[in-house]
Amino acid sequence: MFGYYGKFLNVDLSTGKTGTLELEEEHARKFIGGASLAARLIYSHVKTTMNPLAPDSPLVFAVGPFTGTSFPMVSRSAVCGISPLSGIWGEATTGGVFPFRLKEAGFDGIFITGKADRPVYLHITNGNAEIKDASHLWGKDIYQTQKALRNELKDAGLSISCIGQAGERLVKYACVMNDRGRAAGRCGLGALMGSKNLKAIVAAGSMKADLSDAAKIAELTTEAKNTISTSVMPMVFREYGTMLHMDLGMYLGDVPAKYFARTVFPSKQVTSEALKQAYTVTNSACHGCPIGCGRIVRHFRKDLDEVDGPEYETGCAFGPLCMNYDLDSIVMANHLCNAHGIDTISAGVSIAYAMYLYDKGILTRNKAGMEITWGDGKAVVKLVEMIIKKAGIGDLLGQGVRQMAEELGADPSEAAHVKGLEMPMHDARAFTGMAISYATGPRGACHLKGDYYNVELGSAVPELGIMSGDRLQSEGKAEPAAKFQNYKDIFDSLLLCKFAPLSATQISEMLSSITGWTYTAEDLNTAGERSINLKRAINNKLGVTREDDRLPSPCITPLAEGSTAGKSPDMGILLQEYYDFRKWDWKTGKPTKEKLIELGLEDAARDLWPS
684 MFGYYGKFLN
694 VDLSTGKTGT
704 LELEEEHARK
714 FIGGASLAAR
724 LIYSHVKTTM
734 NPLAPDSPLV
744 FAVGPFTGTS
754 FPMVSRSAVC
764 GISPLSGIWG
774 EATTGGVFPF
784 RLKEAGFDGI
794 FITGKADRPV
804 YLHITNGNAE
814 IKDASHLWGK
824 DIYQTQKALR
834 NELKDAGLSI
844 SCIGQAGERL
854 VKYACVMNDR
864 GRAAGRCGLG
874 ALMGSKNLKA
884 IVAAGSMKAD
894 LSDAAKIAEL
904 TTEAKNTIST
914 SVMPMVFREY
924 GTMLHMDLGM
934 YLGDVPAKYF
944 ARTVFPSKQV
954 TSEALKQAYT
964 VTNSACHGCP
974 IGCGRIVRHF
984 RKDLDEVDGP
994 EYETGCAFGP
1004 LCMNYDLDSI
1014 VMANHLCNAH
1024 GIDTISAGVS
1034 IAYAMYLYDK
1044 GILTRNKAGM
1054 EITWGDGKAV
1064 VKLVEMIIKK
1074 AGIGDLLGQG
1084 VRQMAEELGA
1094 DPSEAAHVKG
1104 LEMPMHDARA
1114 FTGMAISYAT
1124 GPRGACHLKG
1134 DYYNVELGSA
1144 VPELGIMSGD
1154 RLQSEGKAEP
1164 AAKFQNYKDI
1174 FDSLLLCKFA
1184 PLSATQISEM
1194 LSSITGWTYT
1204 AEDLNTAGER
1214 SINLKRAINN
1224 KLGVTREDDR
1234 LPSPCITPLA
1244 EGSTAGKSPD
1254 MGILLQEYYD
1264 FRKWDWKTGK
1274 PTKEKLIELG
1284 LEDAARDLWP
1294 S
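When we follow the working numbering, the leftmost residue of the sequence shown carries the number 684, and every step to the right adds one.
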């Protein structure tokens, strides 16, 4: 198999044994790699009543055939398992250097089960693996852990993926972090890692998977780099970072404020320009990326001379969503999340929800132990610290908005989540394609599992018939949104950065040149459809039905202001059209038996439709 080693590292932390898990060629062809291949490996371990934090709950790190090649924007890897936050399928991807190092260590991924009897870390080098004591690392933050392991192992070529105190304490939306502030951010997979007493994974090596057509790869690499260098958005991201969407998005009604109740706010106070004016800001790029959309804030304060800067989702979640326009508090909240490993989206939404409930009198000062009022940047930072430590009200906020609503007796329909995962910072009223993507996404509310706002802003996929249209229209939007879900799911299989401005044809040719197997743009769509349906089958096994495919009321209630005033996606139309196109059963929310068999998912067909 070109592009693969044909094996995963198999780790049982309960016994302390490591071995290899053979990768079947059929699975590589059909699921490609990354999160899709991880779902294939995890599927048979999924039980109806499983506890995500139990020792037998698998944790998978996976790379893909693109990882480690000369192609640009491919230093990405996936972290997957059953989410401790939502209780359903969980996946997250990350960039930096770690994905390349994991591939160079000689494996297509790592399949981890069990629980160590003490804190440990996993050291992988050139096809060999060793489980080492990490007791001296427990309690250290992300940056301290990375520095300590570098000093201990003295290998300039290594890279480290680890958890901080939030993962150790099993905060339900804890992240897995690598290479300074790079995050596999969503679904709480840092808590899954912490539940296994696994502090870190260290990867290094010089191995390369064999590739099918080196000359074609070189040709396509040059073509891809030319495409990126001449595209507008990469140049804009390089200059401004993702925070550039703050004011542009506001004009479109796409930036939620005041817990999704507003879309008009003083955006100029929290834009990328404001960040550059307030601090010394430089770029940060993943390995081999010509863009560098990440940001480093230098000379932040005397005890923190250099911190990772916020990107758009973080800036919005700790900023406008909380009616907070104090950049110092936004940068500090982001730094704390990076240092200790928590998802900035879930944390920001949980804090904004606390402010909303405090405003309504449901969460009182007596219950909270403090005032939690709109726009209080100091309270935002304090609450992040309390979430990390699971201290006071922070313990509840660290369980996410669904649990907050239940414990505080609030209206569950007002908790801003889908299937337990907090809503991201793109407003569903601004793009109806996002509304259906949020409602049906495999990991819950996710702006990356079908970022349809990009289609409406001009990133069409003509090879698959996905074209821009009326962004506020509901009729006819579900089919292209479903196709776009399929397409973007493939990025997390290859793995390829979702900002890569490459055509479906280019991507299919790139995959073919690596593997020697022939892929077309339509083949990519089919592979993505297979992956989406397998993850849906996992969620069905864990209890998900059609009733869970809905959006929270604050996120679809028509607003009185902005460019989406009076508008709301028609979820009835969107869901019916989506189910019809997907061939999902309206009564149960399951893919039909015929659809599963058509996609080669016979075991899922037997499990979901036993009679």
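In this text, a Cβ means the ideal position worked out from N, Cα and C, and glycines have one as well.
By alpha-carbon distance to A1022, the top candidate from E1277, W1267, G822 and L768 is G822.
In the DSSP assignment, N693 falls within the beta strand (DSSP E) that extends over K690 to D695. In this model, G1092 and I1045 are separated by some 8 angstroms (Cα to Cα). Cβ-Cβ distances below 8 angstroms link A1288 to K1276, L1279 and I1280 in the same chain, with the five nearest sequence neighbours on each side left out; the list follows chain order. Beta-bridge analysis with DSSP links M684 to no other residue. Per DSSP, the unbroken beta strand (DSSP E) holding L742 starts and ends at L742 to A745. Distance from the Cα of M876 is smallest, within the candidate group G840, Y923, A907 and E774, for E774. When the Cα atoms are used, M890 and A1183 turn out to be separated by approximately 26 angstroms.
Assigned with DSSP and collapsed to three states, K786 falls in helix.
By the neighbour-count definition (other C-beta atoms within 10 Å, threshold 16), Y934 is an exposed residue.
Ranked by Cα distance from N1216, the first of R921, E1285, S878 and D1059 is E1285. In the structure shown, M929 falls within a helical segment according to DSSP collapsed to helix, strand and coil. Bounds of any beta strand (DSSP E) do not take in E996; it lies within the alpha helix (DSSP H) bounded by Y995 to F1001. Taking the C-beta atoms as reference points, K1270 is found no nearer than 8 angstroms to L1291. Between the segment 915-924 and the segment 974-984, the count of C-beta pairs closer than 8 angstroms reaches three or more; the two stretches touch. In the structure shown, the three-state DSSP call for S1120 is helix. Counting only the Cα atoms, Y1136 lies some 16 angstroms from I1239.
By the C-beta density criterion, H819 is exposed, having fewer than 16 other C-beta atoms within 10 angstroms. Residue pairing for S760: DSSP places it in a beta bridge opposite T777. Residue burial annotation: A1243 is exposed, with fewer than 16 other C-beta atoms found within 10 angstroms of its C-beta. Rounded to the nearest whole angstrom, the C-alpha separation of T910 and G1148 is 21 angstroms. Apart from sequence neighbours up to five positions away, the residues of its chain that approach A1220 with a beta-carbon distance below 8 angstroms are Y726, K1273, P1274, L1279, L1284, A1287, D1290 and L1291, ordered along the chain. For Y804, the closest of E1230, S955 and V694 by C-alpha to C-alpha distance is V694. The beta strand (DSSP E) runs of length 3 or more contained entirely in the segment 815-890 are, from start to end of the chain, 842-845, 859-861, 865-867 and 881-887. Of all alpha-carbon atoms in G716, L692 and I1071, the one lying nearest the alpha-carbon of L1178 is that of G716. Between the alpha carbons of C1020 and G1199 lies a gap of roughly 42 angstroms. V762 is positioned such that its CB atom lies closer than 8 angstroms to that of V859. The beta carbon of T946 sits closer than 7 angstroms to the beta carbons of M933, G936, V938, P939, A940, D1110, L1242, E1244, G1245 and T1247 from its chain, once the five residues preceding and following it are set aside; these are given in chain order. Counting other Cβ atoms within 10 Å of its Cβ, K1061 stays below 16 and is therefore classed as exposed.
Taking a 10 Å sphere around the C-beta of N811, we find fewer than 16 other C-beta atoms and assign the residue as exposed.
The alpha-carbon separation between Q1156 and D1134 amounts to approximately 16 angstroms. Straight-line measurement puts the Cα of E851 at about 29 angstroms from the Cα of T1047. Between the segment 742-754 and the segment 792-799, the count of Cβ pairs shorter than 8 angstroms is three or higher; the stretches touch.
P782 places its beta carbon 8 angstroms or farther from that of S753. When the beta-carbon positions are compared, G888 and E787 come within less than 8 angstroms of each other. In this structure, the beta-carbon distance from A1128 to V1101 falls below 8 angstroms.
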